[in-house]
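Please read the structure below before turning to the comments.
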Amino acid sequence: MLKKIECIIQPFKLEEVKEALKKIAVEGMTVTEVKGCGRQRGYTEEYAPDAPIRLLPKVKLEIVTEEEKVEEMISTIQSLAKTNKIGAGKIFVIPVEDVLRIRTKERGRIAID
Amino acid sequence: MIEKKKKTNPWQHALQQLDEVAKRIDLEPWIHKKLRHPKRELIVSIPVRMDDGSVEVFTGYRVQHNITLGPAKGGIRYHPDVTLDEMRALAMWMTWKCAVVGFPYGGAKGGVACEPTKLSPQELERLTRRYTSEILGMIGPEKDIPAPDINTNSQVMAWIMDTYSVDRGYSVPGVVTGKPVVLGGSLGREEATGRGVFFTLLNTLKHLDQSIEEKKVVIQGFGKVGSVVAKLLHQEGAKIIAISEVDGGIYNPKGLDPEKVKAHRREAGSVVGFKDAEFITNEELFKLECDILIPAATEEQITEENAPQIKANIIVEAANGPTSPSADRILKSRKIFVVPDILANAGGVTVSYFEWVQAMQGYFWSEREVNLKLRDIMTRAFHRVLDVSLREKVDMRTAALMVAVKRVAEATRLRGLYP
């Protein structure tokens, strides 16, 4: 079973997370600069229920992997992306039906190896 | 050693619980009366040829309390204290446990009165096969599905499955759960009860707006359940400050490493003697300064004597019936948040249910899939009970029983009374 790990983290954590993933043999990933908010709606200091939603810059990492590697990856990302403050981010695990490597037409697990 | 106290008759205890809930939910008298009586009870004599050539006769039981929602489900235990009343109570609690998590199962329990540590593996196999043969007409994948309990394991389940299959003339993996994986057991079954307790505790902390980190946890029992709970909590940053077993416990206010304790136990046969800790008795264990107490041993460990001295403000019942009825009243008046056994330790029957589903389909899931589904079911059951507890302003035990009895009652009402 293939899974996609999609995580939203603080931009200043990206380097560390990227290097650690390389060490546990993650071959490929996609990184996007994104904007978003969580339960605090972009506000960290005060509770302001009527204020407009504020979107803060974040980084999104996407990695497709085999199911057996998911736990190791999410614990690596979790321990490094942790900031002890709100807004450290989230990790989503999503089922992937199939993968195709365009150059070789390989499909499935061999397409990510 | 814990002094042997006179235990409450478990069946009287179970009936009393039912009576109280029946009153609270305004249960129709005919359904109440029906639920007070087990559906079927079988007492069997089990002659076993011992290794020295002599023959011993043991007494075994299988009680099906209720099968309104589906086939009966419940463990088989080998223990000298096994009695008919204990089986009845445990069977009734299985009915409630299956109903509270929402499985299409009724409740059962079985056991053989024996001292398994005094039996050789061969004697244990002959005992298991003869017991299975005596209760054969009562069990089956659509009728009643046994599982491991105290002093029974996946090997015992394999023998039961084999005995049943030989009688039928074909393999019937769905007749028991808790089998070895190669015979159709489920991945994740061994750790299921402990993992379920762990999820329940996380849900409890979330509800109480507390974090797991640095929480001081005391665990009574370090077997199939306690050791798994300890490992998972330690991984999440909780501090396991004390662990005990029948012969006493170990205490270190700075926290114990469950993996190291486990390694020590493998060599020494008990947690006692672990080097980074001091010795404590089981009685002292209950008086320790801590945040969370997890009884994961046997019945009636929290009594009216030690209940007033418990310092924890959260108790998660990993064992079956660890709190005596009088102790329960004390905990309630002290406003300690108690997550009852039928909810907290339902992880075992949950993965048993998964195993049965997988066996019926002949299609198997990955361990990750099992654990995720387990978390989902435990979390939904927790909130179902919590909602009732908050709405009706009752403790979690009463709320769990209300959810369970209502569900069985609704099914009974819909099916009606035959003829």
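Protein chains in written order, with numbering that gives the first Met the number 0: chain S, 0 to 112; chain P, 0 to 418. From the three backbone atoms N, C-alpha and C, an ideal C-beta is built for every residue, glycine too. Please read all numbers here as calculations on a predicted model, not as lab measurements.
Residue of the options minimising C-alpha distance to residue i
i, options, result
"P/Pro115", "P/Leu126, P/Ala399 and P/Gly105", "P/Leu126"
"P/Ala146", "P/Ser170, P/Met93 and P/Leu118", "P/Met93"
"P/Ser185", "P/Val393, P/Ser351 and P/Ile134", "P/Ser351"
"P/Asp143", "P/Gln154, P/Asp275, P/Thr131 and P/Lys261", "P/Thr131"
"S/Thr75", "S/Ala19, S/Glu5 and S/Ile4", "S/Ala19"
"P/Ala71", "P/Met49, P/Leu26 and P/Gly173", "P/Gly173"
"P/Glu354", "P/Gly105, P/Tyr104, P/Cys97 and P/Gly177", "P/Gly177"
"P/Phe285", "P/Ala306, P/Gly139, P/Gly106 and P/Arg265", "P/Ala306"
"S/Lys21", "S/Phe11, S/Ile62, S/Gln9 and S/Lys34", "S/Ile62"
"P/Leu17", "P/Met401, P/Phe273 and P/Leu231", "P/Met401"
"S/Asn83", "P/Ser210, P/Gln357, P/Thr203 and P/Pro252", "P/Ser210"
"P/Lys96", "P/Val393, P/Ile329 and P/Ala317", "P/Ala317"
"P/Pro46", "P/His263, P/Lys392 and P/Glu124", "P/Glu124"
"P/Leu89", "P/His78, P/Gly106, P/Phe102 and P/Gly101", "P/Gly106"
"P/Ser468", "P/Val404, P/Glu27, P/Glu189 and P/Trp10", "Residue 468 of chain P cannot be examined here, being either before or after the span of chain P that is shown, 0 to 418."
Alpha-carbon to alpha-carbon, residue j and residue i
i, j, result
"P/Thr378", "P/Val337", "16 Å"
"S/Lys104", "S/Ile7", "30 Å"
"S/Arg108", "S/Glu70", "18 Å"
"P/Arg390", "S/Thr64", "44 Å"
"P/Leu201", "P/Leu373", "14 Å"
"P/Glu299", "P/Lys331", "16 Å"
"S/Val98", "P/Pro179", "34 Å"
"P/Glu303", "P/His12", "15 Å"
"P/Val216", "S/Gln77", "24 Å"
"P/Glu2", "P/Glu282", "Confidence at P/Glu2 is low in this model, with a pLDDT of 45, below 50, so the placement of that residue should be treated as unreliable; the coordinate-derived value is given next. Those two C-alpha atoms are separated by around 10 Å."
"P/Cys113", "P/Val81", "8 Å"
"S/Val58", "P/Asp386", "37 Å"
"P/Ala157", "P/Ser243", "31 Å"
"P/Val407", "P/Gly69", "11 Å"
"P/Ala276", "S/Gly41", "47 Å"
"P/Tyr60", "P/Lys205", "41 Å"
"S/Glu32", "P/Asp290", "42 Å"
"S/Pro48", "P/Arg367", "39 Å"
"S/Arg102", "S/Ile4", "23 Å"
"S/Leu54", "P/Lys214", "34 Å"
"P/Tyr250", "P/Leu342", "28 Å"
"P/Met137", "P/His64", "13 Å"
"P/Asn8", "P/Ser323", "10 Å"
"P/Ser119", "P/Arg48", "11 Å"
"P/Met0", "P/Gln219", "Caution is warranted here: a pLDDT of 38 is assigned to P/Met0, below 50, making its placement in the model unreliable, and the coordinate value is therefore given only provisionally. Those two C-alpha atoms are separated by around 13 Å."
"P/Lys108", "S/Gly88", "47 Å"
"P/Gly203", "S/Ala80", "Checking the displayed sequence, the identity of residue 203 of chain P turns out to be Thr instead of Gly. Using only the alpha carbons, I get a separation of about 26 Å."
"P/Asp25", "P/Tyr104", "24 Å"
"P/Thr280", "P/Phe221", "15 Å"
"P/Pro252", "P/Lys261", "18 Å"
"P/Lys334", "P/Ile301", "15 Å"
"P/Glu133", "P/Val165", "14 Å"
9 Å Cβ cutoff met for residue i and residue j
i, j, result
"P/Val62", "P/Pro37", "yes"
"P/Tyr163", "P/Val181", "no"
"P/Thr397", "P/Arg23", "yes"
"P/Thr297", "P/Ile149", "yes"
"P/Arg87", "P/Glu122", "no"
"P/Ile293", "P/Val384", "no"
"P/Phe278", "P/Gly247", "yes"
"S/Ile111", "S/Glu26", "yes"
"P/Gly346", "P/Thr192", "yes"
"P/Arg128", "P/Asp161", "yes"
"P/Ala380", "P/Val99", "yes"
"S/Gly37", "S/Ile90", "no"
"P/Trp29", "P/Leu416", "yes"
"P/Asp340", "P/Gly361", "no"
"P/Ala295", "P/Val393", "no"
"P/Thr67", "P/Arg414", "yes"
"P/Lys117", "P/Thr411", "no"
"P/Val404", "P/Ala21", "yes"
Original post:
Along the stretch 352 to 380 of chain P, what residues have a CB closer than 7 Å to any CB found in chain S?
Top reply: Ser365 and Arg367
Original post:
Is it a yes or a no for the stretch 303 to 313 of chain P touching the stretch 362 to 373 of chain P, going by three-plus beta-carbon pairs under 8 Å?
Top reply: no
**OP:** Mind checking the stretch 26 to 41 of chain S against chain P and listing, in chain order, the residues whose C-beta falls within less than 8 Å of any C-beta there?
**Re:** none
Original post:
Between the stretch 187 to 196 of chain P and the stretch 268 to 287 of chain P, are three or more C-beta pairs nearer than 8 Å?
Top reply: no
Subject >> Residues, ordered as in the chain, of the stretch 69 to 100 of chain S that lie near chain P by beta-carbon distance below 8 Å >> reply: Val69 and Glu70
Original post:
Between the stretch 50 to 69 of chain S and chain P, which residues of the former have CB atoms less than 9 Å from a CB of the latter, in chain order?
Top reply: Glu66, Glu67 and Val69
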